[in-house]
Amino acid sequence: MEKFKKIPKTYIFLILAVTAALLYPVSNILFIATGISALIFTIKKPYNLFFSLIFVVIHLTVNSFFIAVDVVEYEKIYSVQFGSGKCYINKNIKISPGDILFGNFYIDKEKSKPFFKPVYKYNGKLSVFKAPVISKILQFRSHISNYIFYSSGGKITVAQALILGDKQFISDNLKDAYTISGLFHLLSMSGSHVAIVTAIFLSVLFFLPLKIRFIAASLGALFLIILGGFNITVIRASIFASIIMTAYVFDLRVDSKKFILFIAGLFLLISPSSISDISFLMSFGAVFGIIYLMKSGCGVFKTALITGIAATLITAPLSMYVFGTTNHLSILSTMIISPVIYLHILFSIFALIAPNIAAAPLLIIENISNSMVFFLAKITYFSFIFKTIPFYIMALTILYTVWTLFLNDRKKLLSLLSLLIIFYPAEKPPQYIFPDISPRDKGFIIFTDNKKEIFYQGSESGFRYTFMPAAAKYGVKVFDYGLITVFGGKNNFIKIKNTGKDNFTNLCLNEYNKKCSYFYHTRSNSIKSDDIHDNITHIIWKNNISDKSIIEISKQGTYYVK
């Protein structure tokens, strides 16, 4: 019992909060009971009862209303984007950005992907409350994003992502370059952007007393929530930074190591689905690593190096598990490009105030930034890892890293061993893999003794988020033969020595050949009765007629031939 009392209450709070979040999909009653336990056992009386009551109220209402950040209109439905997910809503309900939606929302488990923002459904009546102030804010955000793009002749595209979270204008080639170089996190508004905005306020206002600068920086961090369109990742990082700076202003001592754990637990109690949100896990993991590895009194270069390493320790295993990609040289790439990103965000903020004046210098900075990203992607491609790892390896690596970061002094260096995760052997591939992607996206991978072959035809999102992770399971980024066609984009990740689609090993693509044992169809319902033969296996998304020789991916899922 005495040993239990010596455990910091912050640790107990986080453990109970994580347990509650894991229980949330299983039972609401167990979730609420565990959440209340976390608050009662770790917060002093009588405040624990007050916060427990707030927790129950929040839990009953947090999934009862959402703010519509963006609305995409389709033929019969609206795709409504929230700060923490999205929902498909019938068009007979008129919805605009800034509206507050009230209803009985719940997560659609079929459409939601693990580690990504959830897709919600709703039961019963949906009420729409007009919020003019929020609508005006979102309209301004959209207007300024479009204005910067069109006033520059379509040349400024990244600035909008850095300060507004709007990536719609960035080309797929540039997005791929950011991914390959390990810098894609810079395009997604998160804790790093809050840190840079804070640094801008503290440096630009150098002539003011430090506490005044911290107040200004704190307000700037909170204003970033509005600019980011109420993105949940920005909300978390901005609140964390503002509380730390406010505490300094009022001479309150805050243990940042314990505080980051408390904030993480608090957000899990408020939004338990964050336990499987990749943006939350990577954002928290990066900040946790930096806080627990950093030492005071380090020089600029050493601080930048430690920051890059610490942020990579936990994010690399997560990225390899979810996306199948990572690049450890991003530690150096981030150090190289950070000064330019600082200027990029500085002039982007200036563009909000005086877009006409800021346009010219902003365009120069953006051209320099883009050129550097393309260059870094090119020279670091050799260290770009295209390989997924099993869940248990990812989890064990992160647990090991967390354990070592809690050690004292030089023992923390043991955490660097987790960077060796890139050498974990890839899964032994079967001969043929036909991934379950989508009705419009098609692809397959072939591994024989002599050749590695690949084919993909479809959307950029299907390629990046479904086909690439499926291919990354086998750790191969250079193929001998094949063709990858990304509609509206380009493949920059997978290298193919010889391109073509008519000479796959023992497989025919849309055209029958007696030498082929497998016939892959890119069009559904294209197999007729006359096409069925005992010695041919047909692979298709779906078909009107069925047969034992026809493999329908829509029904069977990913199909393997060993």
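Just so we're aligned: 450 in our numbering is position 286 of the sequence shown, and the numbers increase by one with no gaps anywhere.
We put the CB at the ideal spot given by N, CA and C, even for glycine.
Computed from a prediction, not measured in an experiment: that's the story for all the values here.
Boundaries (first-last residue) of the alpha helix (DSSP H) holding residue i
i	result
glycine 453	442-457
leucine 507	494-517
histidine 357	355-368
valine 725	Taken as a continuous stretch (DSSP letters only), valine 725 belongs to no alpha helix (DSSP H), being part of the beta strand (DSSP E) at 723-725.
glycine 262	Here glycine 262 belongs to no alpha helix (DSSP H), and DSSP marks it neither H nor E.
tyrosine 412	396-413
isoleucine 390	374-391
tyrosine 175	173-187
alanine 590	Premise fails: alanine 590 is in no alpha helix (DSSP H) and is neither H nor E.
proline 132	The shown model of the chain, from 165 to 726, leaves out residue 132, and the question about it has no answer.
One or two residues paired with residue i in a DSSP bridge
i	result
lysine 616	Phe611
cysteine 251	Val244, Tyr284
leucine 673	Tyr684
glutamine 621	Lys606, Thr649
serine 291	Phe266
asparagine 520	Asparagine 520 is not bridged to any residue.
threonine 490	Ile549
Delimiting residues of the beta strand (DSSP E) encompassing residue i
i	result
isoleucine 344	Unbroken run through isoleucine 344 is the alpha helix (DSSP H), 336-344; no beta strand (DSSP E).
valine 642	642-650
asparagine 662	659-663
isoleucine 301	Note, isoleucine 301: premise wrong, no beta strand (DSSP E); alpha helix (DSSP H) at 296-315.
Per-residue DSSP class, three states only, for residue i
i	result
glutamate 716	strand
tyrosine 564	helix
tyrosine 270	strand
leucine 425	helix
tyrosine 684	strand
histidine 702	strand
asparagine 256	coil
phenylalanine 598	strand
threonine 321	coil
serine 582	helix
leucine 571	coil
histidine 697	coil
valine 190	coil
arginine 417	coil
phenylalanine 538	helix
leucine 347	coil
isoleucine 207	coil
glycine 626	helix
asparagine 531	helix
lysine 277	coil
phenylalanine 195	helix
lysine 576	helix
serine 352	coil
phenylalanine 333	coil
lysine 466	helix
glycine 472	helix
isoleucine 691	coil
isoleucine 434	helix
Cβ-heavy atom distance, residue i to the ligand NAP, below 8 Å
i	result
threonine 343	The ligand NAP is not part of this structure, which contains no ligands at all.
At a cut of 8 Å, does the region 626-646 reach the region 476-494 through at least three beta carbon pairs?
Judged by Cβ distances under 8 Å, the region 626-646 makes contact with the region 476-494, as three or more pairs qualify.
Say whether the region 257-268 touches the region 282-296, bearing in mind that this needs 3 or more beta-carbon pairs closer than 8 Å, one atom from each stretch.
yes
So, does the region 470-483 touch the region 434-453, judging by three or more C-beta pairs under 8 Å?
Counting Cβ pairs under 8 Å, three or more are found: they touch.
Continuous beta strand (DSSP E) assignments of at least 3 residues falling wholly in the region 210-245
229-231, 234-237, 241-245
Pairs of beta-carbons, one from the region 491-503 and one from the region 591-609, closer than 8 Å: are there three or more?
no
Hey, is the region 362-380 in contact with the region 560-578, meaning 3+ C-beta pairs nearer than 8 Å?
No, they do not touch.
For the region 572-580 against the region 512-525, are there 3 or more C-beta pairs whose distance is under 8 Å?
no
Below 8 Å, can you find three or more Cβ-Cβ pairs linking the region 225-242 to the region 204-216?
With the rule of 3 Cβ pairs closer than 8 Å, the region 225-242 does not count as touching the region 204-216.
Are there three or more Cβ pairs, one per stretch, closer than 8 Å when the region 382-389 is compared with the region 425-434?
When C-beta atoms of the region 382-389 are compared with those of the region 425-434, fewer than three pairs fall below 8 Å, so the two segments do not count as touching.
Specify whether the region 369-381 and the region 661-673 touch according to this definition: at least 3 beta carbon pairs, one from each stretch, less than 8 Å apart.
no
Is the region 296-303 in contact with the region 274-287, if contact means three or more CB pairs nearer than 8 Å?
no
Tell me whether the region 185-199 and the region 218-225 touch, counting them as touching only if at least three CB pairs, one residue from each stretch, are closer than 8 Å.
yes
Is there contact between the region 545-552 and the region 633-648, where contact requires at least three CB pairs shorter than 8 Å?
yes
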